[in-house]
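Chains as they are written, first to last, in the numbering used here: chain C, 1 to 175; chain E, 176 to 494. For glycine and all other residues, C-beta sits at the position ideal for the given N, C-alpha and C. Source: prediction; values computed, not measured.
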């Protein structure tokens, strides 16, 4: 009885050939599992590239940005037509994207170092209900759209946060 | 032929290929918002061209060092030609050299890019065919089947591109589209051929070759308008995949040459060991011979001792 116990312990202490085989089989299984996982990943990304939902969504957002910038510019143009003067709130600068060129949100927001375009959102019936904001850009007070007066009556409105390397910028000569 | 690598090792190599592919596709999916430098394609094409030339020279040298595999010669000459075609494309794309050519850059654009790609695909396909020939595997039926399939797909592609509006909007790229689709098929069949041959069990070079072919296939897929990504991005990714393919193959050739030198070194060592053993054995035999002669001298008659002594002295002096 005692002899058999000793034998069992001894066997447990010495790794047998069977255990080794099991170990290599487990490694093989892990590699094969990773192989299948990678293959599935490759197929998934090929399908994703074929459909490319992120591109579609980015294009939709860019379209909205184009519409927003065009709207802002047209309202500035209508303001100029009625008042015959370029609003002094629009900063003079050669580049559209510069510090202090970002348009401030309409409403109770702090417009320090931002362009306050409240003249477009009040009084007249033909004014903006609210200033449009960039669909993705998260800013407390800014809209994500920039405006500048480049001189000689050239007003530029741009959306620097446009996705997929698209450049969205509209300009108009007021006079 | 005895297998050099175990199933586990081959699986690990396959995992490396698939994982790299997965990472590349992930990068491609995320790359829509990346800022690419202006002349990215030309720059990468320039690197690829130099790599192709280097690979070509290396493969040719590898073949002439040890003429074991005609595959190396074909790949070598193929890559040298591809480097010249790539150089032609680069020169043609640069405005500085526009006076050298009679045709305009825009009129040649996709075709000049397609030339080297189709030629390389053909070289890879031929290299696979020749490898099979060299190994004398009598599977003519398989080769005929793959060849016929390639021909059928080529005809089908040409018909689809020419007579349908499946590729509407790409009329000026018709030639490029069907040539590239044929090249893609050639790469696919080469990959299938190498995979069926199970060369990865026997040679480490086959791993690098398959790695390179996989990235060439990806390069072709990105070059064709099958995926929903911007045209410029598509070309950038295709060029990048082509560069990776060349780079991987270059590593393969360098590894192959390193292995060859290592093997030679090992053989040299074995030879030195054998020479040492022969020397040792020779010494032992001479010693035994001398002991034997000494014994003989001792038991020889007194009158003959003088002559025997002289002979021994001569032998010892020579020694």
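On a Cα-Cα basis, can you pick out the residue from the options that is closest to residue i?
| i | options | result |
| --- | --- | --- |
| residue 249(E) | 238(E), 258(E) and 259(E) | 238(E) |
| residue 319(E) | 368(E), 253(E) and 381(E) | 368(E) |
| residue 47(C) | 189(E), 396(E) and 469(E) | 396(E) |
| residue 359(E) | 208(E), 409(E), 328(E) and 264(E) | 328(E) |
| residue 382(E) | 394(E), 393(E) and 366(E) | 366(E) |
| residue 409(E) | 200(E), 349(E) and 371(E) | 200(E) |
| residue 253(E) | 301(E), 216(E) and 206(E) | 301(E) |
| residue 222(E) | 264(E), 377(E), 197(E) and 177(E) | 264(E) |
| residue 326(E) | 268(E), 213(E) and 353(E) | 353(E) |
| residue 433(E) | 236(E), 209(E) and 198(E) | 236(E) |
| residue 158(C) | 94(C), 141(C), 109(C) and 107(C) | 94(C) |
| residue 79(C) | 163(C), 49(C) and 155(C) | 155(C) |
| residue 161(C) | 111(C), 62(C) and 103(C) | 62(C) |
| residue 216(E) | 439(E), 261(E), 488(E) and 243(E) | 261(E) |
| residue 292(E) | 269(E), 379(E), 351(E) and 335(E) | 351(E) |
| residue 468(E) | 482(E), 321(E) and 453(E) | 482(E) |
| residue 384(E) | 430(E), 356(E), 399(E) and 288(E) | 430(E) |
| residue 268(E) | 390(E), 303(E) and 214(E) | 214(E) |
| residue 198(E) | 40(C), 29(C) and 28(C) | 40(C) |
| residue 177(E) | 194(E), 232(E), 378(E) and 349(E) | 378(E) |
| residue 58(C) | 164(C), 175(C), 68(C) and 34(C) | 164(C) |
| residue 170(C) | 85(C), 29(C) and 96(C) | 96(C) |
| residue 417(E) | 289(E), 190(E) and 462(E) | 289(E) |
Specify, as a first and last residue, the run of the alpha helix (DSSP H) that residue i falls within.
| i | result |
| --- | --- |
| residue 456(E) | 406-474 |
| residue 168(C) | Not the alpha helix (DSSP H): residue 168(C) falls in the beta strand (DSSP E), residues 168-173. |
| residue 184(C) | What the structure shows of chain C is the stretch from 1 to 175, and residue 184(C) is not part of that stretch, so it cannot be assessed. |
| residue 203(E) | 182-205 |
| residue 238(E) | 215-240 |
| residue 379(E) | Segment: none, residue 379(E) is in no alpha helix (DSSP H) and carries neither H nor E. |
| residue 272(E) | Taken as a continuous stretch (DSSP letters only), residue 272(E) belongs to no alpha helix (DSSP H), as it is neither H nor E. |
Since residue i and residue j should fall inside the 8 Å C-beta cutoff, what is the C-beta to C-beta distance between them, to a whole number of angstroms?
| i | j | result |
| --- | --- | --- |
| residue 428(E) | residue 296(E) | Actually they are not in contact, since the Cβ atoms of residue 428(E) and residue 296(E) sit about 19 Å apart, beyond 8 Å. |
| residue 386(E) | residue 192(E) | 5 Å |
| residue 66(C) | residue 168(C) | 5 Å |
| residue 393(E) | residue 52(C) | That pair is no contact at about 16 Å. |
| residue 257(E) | residue 294(E) | 6 Å |
| residue 101(C) | residue 91(C) | 6 Å |
| residue 361(E) | residue 299(E) | 7 Å |
| residue 54(C) | residue 207(E) | 7 Å |
| residue 187(E) | residue 31(C) | 6 Å |
| residue 128(C) | residue 121(C) | 5 Å |
| residue 131(C) | residue 172(C) | So it is not a contact: roughly 18 Å between Cβ atoms. |
| residue 204(E) | residue 45(C) | 6 Å |
| residue 255(E) | residue 232(E) | 7 Å |
Over what stretch of residues does the beta strand (DSSP E) that includes residue i continue unbroken?
| i | result |
| --- | --- |
| residue 157(C) | 154-159 |
| residue 369(E) | Taken as a continuous stretch (DSSP letters only), residue 369(E) belongs to no beta strand (DSSP E), being part of the alpha helix (DSSP H) at 349-372. |
| residue 145(C) | 142-149 |
| residue 104(C) | 102-104 |
*Should the segment 179-191 of chain E be regarded as contacting the segment 126-142 of chain C, the criterion being three or more beta carbon pairs within less than 8 Å?*
no
Note down, in chain order, all residues in the segment 201-216 of chain E with a beta-carbon under 7 Å from any beta-carbon belonging to chain C. 201, 203, 204, 207, 208 and 210
Pair every Cβ in the segment 220-229 of chain E with every Cβ in the segment 418-432 of chain E, then say whether three or more of these pairs are closer than 8 Å.
yes
Q) Is the segment 62-75 of chain C touching the segment 142-153 of chain C in the sense that three or more CB pairs, one from each, lie closer than 8 Å? A) yes
Discussion item. Any contact between the segment 434-454 of chain E and the segment 408-416 of chain E? By contact I mean 3 or more CB pairs, one from each, below 8 Å.
Written reply: no
Margin query: Any C-beta of chain E within less than 7 Å: which residues of the segment 38-50 of chain C qualify?
Written below: 38, 39, 41, 42, 45, 46, 48, 49 and 50
**Asked** Residues in the segment 154-172 of chain C with C-beta within 7 Å of chain E's C-beta atoms, listed in sequence order?
**Response** 163, 164 and 165
Relative to chain E, which residues along the segment 55-86 of chain C have a C-beta separation below 9 Å, given in chain order? 55, 56 and 58
Members of the segment 86-97 of chain C near chain E, C-beta cut-off 8 Å:
none
Report the residues of the segment 401-414 of chain E with a CB closer than 9 Å to any CB of chain C, ordered along the chain. 401, 402, 403, 404, 405, 407 and 408
- Task: With 8 Å as the C-beta to C-beta threshold (strictly closer), list the residues of the segment 184-202 of chain E near chain C in chain order.
- Result: 186, 187, 189, 190, 193, 194, 196, 197, 200 and 201
Which residues, in order along the segment 130-150 of chain C, keep a beta-carbon less than 7 Å from a beta-carbon of chain E?
-> none
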